[in-house]
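Everything below concerns the one structure shown next.
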Amino acid sequence: MTEATTILPSNPSTMAPTIHYQVAMPKPQSHLFEVRLQVINWSKSVLDLKMPVWTPGSYLIREYAKHLQDFWVDTGKDNGHQLLSWQKVSKNHWQVDTEGAAEIIVHYRIFANELSVRTNHLDLTHGYFNGAALFLFIPGWEQQPIQVTIVPPNLEWKVVTPLPAIPGTINTFEAKNFDTLVDSPFEIGYHQLHEFEVLGKPHQLAIWGKGNANPNKMIEDLKKIIEVEAQLYGGLPYERYVFLLHLSSSGFGGLEHKNSCSLNYSRFGFRAKDKYNRFIQLVAHEFFHLWNVKRILPKPLEKFNYEEENYTTSLWFCEGTTSYYDLIIPLRAGIYDSKTFLECLSKDITRLQTTPGRLIQNLSESSFDTWIKLYRRDSNSDNSQVSYYLKGELVSLLLDLLIRKCHHNQRSLDDVMRLMWQKFGAWEIGFTPQNLRDAIESVADMDLGYFFDNYVDGTIELPFDEYLEPFGLKLIGVHDEDAPPYLGAIAKSEHGQEIVKFVEANSPARIAGIDPGDQLLAINGWRVTAEQLCDRLKDYQVNDTIEITLFHEDELRTLPVTLGKSPPTRYQILPIDNPTDEQKHNLTGWLG
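First residue of the sequence shown? That's 1007 in the numbering used here, and the numbers climb one at a time after it.
As structure tokens, this is what we get:
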């Protein structure tokens, strides 16, 4: 393949092409979107076309071009639809020899059979797509307006998107530039569409799929979430907002956009209170992103490079702080009470404290390395890394408590968010890590060098009790009285074999030489299954030495393992005995 050369416009005011996409789905059961790109007023001998390799909000190279097929190019009708030659010069880059044609039509199909918030899905009931996973862009012309016409397979399929419709057209919409196109998902098909108003602005909720969701209750709670978050920031930064909800067999996820969000949730996950609360937290999280991330954004994400990783050390604030607010916003909205909030917080602390990697990877590294670690887990991930969502949430908790304590609840993390909005988000100016630290220190009115060195850029254990105590709370580690002695290995049954899936660093199993992938056979000469492992270990005491037999790379091994004392299985936030009036006042100021 030849080396790629990118054609840049020398005078955009006189050379600007018209860019129009048509997306059809004549045979939805084939899972193929048929895409037609019409470029008019092209004046160069070569047309470069590229496809993004990732989508904002999902920080992993996903190689969307792998789903593109049946690529071909011709001229417009004025040139008799003459075929044009082209070549692919890299994994996501095509070059077309235009042969002097002013109108070029590019045809291709996209295979769409992955139901997630970041990809494309097409079947007999609907079509859903994200711009990054469907559309090519013309290098140098990313700021040019783009029109998109949707051609459903039949008249019963309806179209929902945050993009504005072009008056006088049918299913034709306009994006002011490629960034906006990428940021505007489409839902086409048989879906319930509910419209409601909050703070004088229109909102839509499109629900695809069947389940036990109650749209009326959901909308009432959505209104509460919107109002509470708008109150925090002083208004809503959009003219219209769209919630796209997919009900799937066991899905979970969300992807934020400037004027919409995509949500994927288990179809029968709305009746049980704890599952419904989890859905509400998902909504609160994605909606909070329309400020934090979509407008309050790190400097490296101020202008997207769709062809490679966009590195930042601040995802702990973008995602982690948002995760803290997705717990507390439903509390402020009255959807659940402080007891539920503290229970949810306790579960997240349990997740962190039972992840050995929290002592290995710091938050800045976790943010920076998301492209190669967070979404690419392996058998050692829990030993070597920590989620910037999870630890970022709990570091944000500590910051909120610290600011509240020092300023008697007259200041909080809310003031940090408002300051970041006023200085950066409202203007969509990217912030640096130092800008973020300056804003937090400004609100806290203190030097937080020790805090950042240890809890953001370091791996020191988070001192939960120190920060909870002024609010009359404490954190306790709970030991399961029926827990067996500590082995430090997890096994699962797979295809009739008992396979070790995880071995904790520095555990008895690791010290003995047990590895992930080993086939577990027996304890002290007696066969054991993954399901039986925990129960069988209860026959022994701490410091007992047992023999575990297994296959390691087809080699039969019997290893002596000395069992240890089990660590806490969970952590729980509880009120302290006899709190002072000041502690009661602080707690009320925080949780209401």
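Ideal Cβ placement from N, Cα and C applies to all residues, glycine included. All figures in this text were calculated on a predicted structure; none of them were measured in a lab.
Reference residue i; option with closest CA among the options
i: Gly-1257; options: Ser-1266, Tyr-1271, Gln-1538 and Ala-1212; result: Tyr-1271
i: Leu-1474; options: Arg-1042, Ser-1352, Ala-1022 and Asp-1451; result: Ser-1352
i: Val-1401; options: Thr-1328, Glu-1203, Phe-1179 and Gln-1035; result: Thr-1328
i: Pro-1208; options: Leu-1242, Ala-1071, Glu-1105 and Thr-1376; result: Leu-1242
i: Arg-1424; options: Asp-1459, Lys-1300, Leu-1238 and Asp-1583; result: Leu-1238
i: Gly-1195; options: Pro-1058, His-1413, Ile-1110 and Asn-1160; result: Asn-1160
i: Phe-1470; options: Cys-1412, Ala-1489, Leu-1358 and Val-1449; result: Leu-1358
i: Gln-1101; options: Ser-1091, Lys-1571 and Ala-1107; result: Ser-1091
i: Ala-1290; options: Phe-1276, Lys-1309, Pro-1514 and Cys-1267; result: Cys-1267
i: Pro-1362; options: Asn-1512, Tyr-1312 and Phe-1293; result: Asn-1512
i: Ser-1448; options: Ile-1409, Leu-1365 and Asn-1265; result: Ile-1409
i: Gln-1428; options: Gly-1240, Asp-1103 and Ala-1497; result: Gly-1240
i: Ser-1255; options: Phe-1249, Gly-1217, Arg-1246 and Arg-1277; result: Gly-1217
i: Ile-1110; options: Lys-1223, Leu-1089 and Gln-1150; result: Leu-1089
i: Ser-1320; options: Lys-1223, Gly-1206 and Leu-1369; result: Leu-1369
i: Asn-1119; options: Ile-1172, Pro-1034 and Thr-1175; result: Pro-1034
Own chain, CB closer than 6 Å to residue i, minus 5 neighbours either side, in chain order
i: Phe-1285; result: Tyr-1271
i: Tyr-1027; result: Leu-1043 and Val-1154
i: Arg-1068; result: Trp-1060
i: Glu-1434; result: Arg-1301
i: Val-1204; result: Lys-1229 and Ile-1232
i: Leu-1527; result: Thr-1555 and Leu-1556
i: Gln-1367; result: Gln-1391 and Val-1392
Distance, residue j Cα to residue i Cα
i: Gln-1525; j: Ser-1390; result: 23 Å
i: Ile-1552; j: Ile-1520; result: 13 Å
i: Gly-1259; j: Glu-1371; result: 24 Å
i: Asp-1343; j: Tyr-1282; result: 14 Å
i: Thr-1024; j: Leu-1253; result: 37 Å
i: Ser-1019; j: Ser-1190; result: Residue confidence for Ser-1019 is low, a pLDDT of 44 falling below 50, so the modelled location carries little weight; the figure read from the coordinates is stated next. Looking at the two C-alpha atoms, the distance is approximately 26 Å.
i: Val-1095; j: Ile-1046; result: 23 Å
i: Val-1484; j: Leu-1593; result: 23 Å
i: Val-1188; j: Ala-1138; result: 5 Å
i: Phe-1179; j: Ile-1152; result: 8 Å
i: Thr-1438; j: Leu-1307; result: 11 Å
i: Ala-1515; j: Asn-1136; result: 45 Å
i: Ser-1418; j: Asp-1406; result: 5 Å
i: Gln-1601; j: Ala-1181; result: Outside the shown range of the chain (1007 to 1598) lies residue 1601, about which nothing can therefore be said.
i: Pro-1062; j: Trp-1297; result: 15 Å
i: Arg-1542; j: Ile-1482; result: 28 Å
i: Gly-1478; j: Thr-1586; result: 8 Å
i: Met-1007; j: Asn-1098; result: At Met-1007 the pLDDT is 38, less than 50, meaning the model places this residue with poor confidence and gives no usable figure here.
i: Pro-1221; j: Ala-1212; result: 10 Å
i: Glu-1349; j: Ala-1030; result: 47 Å
Per-residue DSSP class, three states only, for residue i
i: Tyr-1114; result: strand
i: Ile-1579; result: strand
i: His-1127; result: strand
i: His-1591; result: helix
i: Asp-1103; result: strand
i: Gln-1149; result: coil
i: Ser-1373; result: helix
i: Lys-1182; result: coil
i: Glu-1349; result: helix
i: Leu-1169; result: coil
i: Asn-1047; result: coil
i: Ser-1499; result: strand
i: Pro-1566; result: strand
i: Lys-1397; result: helix
i: Pro-1304; result: strand
i: Leu-1142; result: coil
i: Asn-1389; result: helix
i: Thr-1175; result: coil
Other residues of its chain near residue i: CB distance less than 7 Å, five sequence neighbours each side excluded
i: Gln-1287; result: Asp-1332, Leu-1333 and Pro-1336
i: Asp-1354; result: Leu-1396, Glu-1399 and Leu-1400
i: Asn-1584; result: none
i: Pro-1566; result: Ala-1518, Thr-1551 and Glu-1553
i: Cys-1540; result: Pro-1490
i: Phe-1141; result: Tyr-1027 and Leu-1187
i: Lys-1305; result: Gly-1436, Phe-1437 and Thr-1438
is_contact[residue i, chain D] using C-beta, thresh 8 Å
i: Lys-1264; result: Among the chains in the structure shown there is no chain D, since it carries only a single protein chain.
Contacting residues, own chain, Cβ-Cβ under 8 Å from residue i (five flanking each side not counted)
i: Leu-1403; result: Tyr-1330, Leu-1351 and Tyr-1473
i: Asp-1076; result: His-1113, Tyr-1114 and Arg-1115
i: Gly-1106; result: Ser-1051
i: Ile-1582; result: Glu-1475, Gly-1478, Leu-1479, Lys-1480 and Gln-1589
Exercise. Jot down the residue ranges of each uninterrupted beta strand (DSSP E) in the segment 1055 to 1096, minimum 3 residues, whole runs only, in chain order.
Key: Here the runs fully enclosed are 1074 to 1081 and 1092 to 1096.
Quiz item: Residue ranges of each beta strand (DSSP E) run of no fewer than 3 residues wholly in the segment 1425 to 1493, ordered along the chain?
Solution: For secondary structure counted as the beta strand (DSSP E) over 3 or more consecutive residues, the segment 1425 to 1493 holds these complete runs in sequence order: 1479 to 1484.
Quiz item: Which full runs of the alpha helix (DSSP H) of 4+ residues lie inside the segment 1186 to 1272, going along the chain?
Solution: Counting only runs of 4 or more, we get 1221 to 1239.
Practice problem: Starting from the N-terminal side, write out each stretch of the alpha helix (DSSP H) that is 4 residues or longer and does not extend beyond the segment 1508 to 1558. | Solution: Within the segment 1508 to 1558, the runs of alpha helix (DSSP H) at least 4 residues long that lie entirely inside it are, in chain order, 1514 to 1518 and 1536 to 1543.
Quiz item: Which ranges would you report for the beta strand (DSSP E) in the segment 1312 to 1338 if only whole runs of at least 3 residues count?
Solution: Here no run is fully enclosed.
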